[in-house]
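Residue numbers (full-length UniProt numbering): 1 to 304. Quick reminder that beta carbons are idealized off the backbone N, C-alpha and C, glycines included.
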């Protein structure tokens, strides 16, 4: 799988505007409306004096981002958004791809037949989460008035601290806060990888459950590779997928365990899961993982 970042650092030209207005202004992606306006000198620093009150209008308005970029479509193409904050409608070359309502999750849309060879235009219209929350709360109040946080903020999947509290300002961000990219897939991709670890008799069994999405009937093989923190040793396993699913595992003897701060070291293993067809890697996911067990102990102790 190949990917093409659509961030400002990748030479994509981004602009933004308040919805319903004509003026497009330079933007930085990832980023947000508040930081873009502050960089342009359009709002005062909200963390100085009572400027927080002077910029409340920003989160109460709708905003639109526009990105212009070059692409060379090949194979299956997807637009992937790791973080849109929060209520957004996404359009590519004038065609609506979908909408979002959760700042924490990744969204993926197929763009075959929409993505052009050459110049493309991506537009993302952000609706005000403040107006949405107030409307929902007026329809069905769920929370008592506290005077510290926005009423109805529980109705939207957005960080609660954005809506203010006694220790923090009320400055709900709006914008593209994480990576935005194009992904090119040949015949299959990793739809989901679930990693688990079992500790027993001084060894750790690290297993992976793989779920694939495919577009042909070519045999697929899942490959699990685990590398020790010092990079000197690897553990590997391969298994053919049955349908779109496969399970595989490696056993690590004398593992280097991860400990909380103050109790020991925090070594991290490199874990790579790849999907192969005819010996060619179709997709790959990589993470760093600490080998540890977590247990909730509710027995009384000296502290309660």
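Length of the line joining the Cα atoms of residue i and residue j
| i | j | result |
| --- | --- | --- |
| residue 254 | residue 262 | 21 Å |
| residue 98 | residue 160 | 25 Å |
| residue 213 | residue 77 | 13 Å |
| residue 23 | residue 65 | 12 Å |
| residue 231 | residue 268 | 10 Å |
| residue 273 | residue 53 | 49 Å |
| residue 21 | residue 134 | 24 Å |
| residue 139 | residue 59 | 21 Å |
| residue 34 | residue 297 | 43 Å |
| residue 132 | residue 72 | 38 Å |
| residue 277 | residue 243 | 13 Å |
| residue 280 | residue 218 | 12 Å |
| residue 16 | residue 285 | 33 Å |
| residue 27 | residue 197 | 43 Å |
| residue 39 | residue 137 | 33 Å |
| residue 150 | residue 56 | 12 Å |
| residue 203 | residue 167 | 45 Å |
| residue 7 | residue 252 | 39 Å |
| residue 37 | residue 51 | 14 Å |
| residue 316 | residue 199 | Residue 316 is absent from the structure shown; the chain starts at 1 and stops at 304. |
Reduced DSSP category for residue i - H, G, I as helix; E, B as strand; rest coil
| i | result |
| --- | --- |
| residue 120 | strand |
| residue 112 | coil |
| residue 37 | helix |
| residue 297 | coil |
| residue 70 | strand |
| residue 155 | helix |
| residue 65 | strand |
| residue 244 | coil |
| residue 258 | coil |
| residue 52 | helix |
| residue 140 | coil |
| residue 101 | coil |
| residue 275 | strand |
| residue 3 | strand |
| residue 169 | strand |
| residue 218 | coil |
| residue 265 | coil |
Own chain, CB closer than 8 Å to residue i, minus 5 neighbours either side, in chain order
| i | result |
| --- | --- |
| residue 13 | 67, 68 and 69 |
| residue 234 | 225, 226, 227 and 228 |
| residue 294 | none |
| residue 114 | 92, 93, 95 and 97 |
| residue 47 | 169 |
| residue 61 | 18, 19 and 128 |
| residue 148 | 164, 165 and 166 |
Residue i vs residue j beta-carbon contact at 9 Å
| i | j | result |
| --- | --- | --- |
| residue 226 | residue 210 | no |
| residue 100 | residue 129 | no |
| residue 241 | residue 221 | yes |
| residue 81 | residue 123 | no |
| residue 5 | residue 181 | yes |
| residue 157 | residue 102 | yes |
| residue 271 | residue 171 | no |
| residue 177 | residue 30 | yes |
| residue 9 | residue 184 | no |
| residue 256 | residue 291 | yes |
| residue 142 | residue 155 | yes |
| residue 208 | residue 248 | yes |
Contact set for residue i: own chain, Cβ-Cβ below 6 Å, skip 5 residues either direction
| i | result |
| --- | --- |
| residue 192 | 211 |
| residue 125 | 64 and 89 |
| residue 216 | 187 |
| residue 283 | 1, 189, 190 and 275 |
| residue 238 | 221 and 223 |
| residue 179 | 82 |
| residue 287 | 271 |
| residue 152 | 133, 134, 136 and 137 |
For residue i: DSSP bridge partner residues
| i | result |
| --- | --- |
| residue 26 | 15 |
| residue 270 | 227 and 288 |
| residue 194 | 209 |
| residue 305 | Nothing about residue 305 can be read from this structure; the chain reaches only from 1 to 304. |
| residue 92 | 95 and 122 |
| residue 77 | 184 |
| residue 235 | 226 |
| residue 107 | 81 |
| residue 282 | Per DSSP, none; premise fails for residue 282. |
| residue 175 | 85 |
Close Cβ partners of residue i (< 7 Å) along its chain, the five nearest in sequence each way excluded
| i | result |
| --- | --- |
| residue 121 | 66, 68 and 93 |
| residue 259 | 265 and 266 |
| residue 174 | 32, 33, 59, 63, 85 and 126 |
| residue 79 | 92, 97, 109, 111 and 182 |
| residue 104 | 157 |
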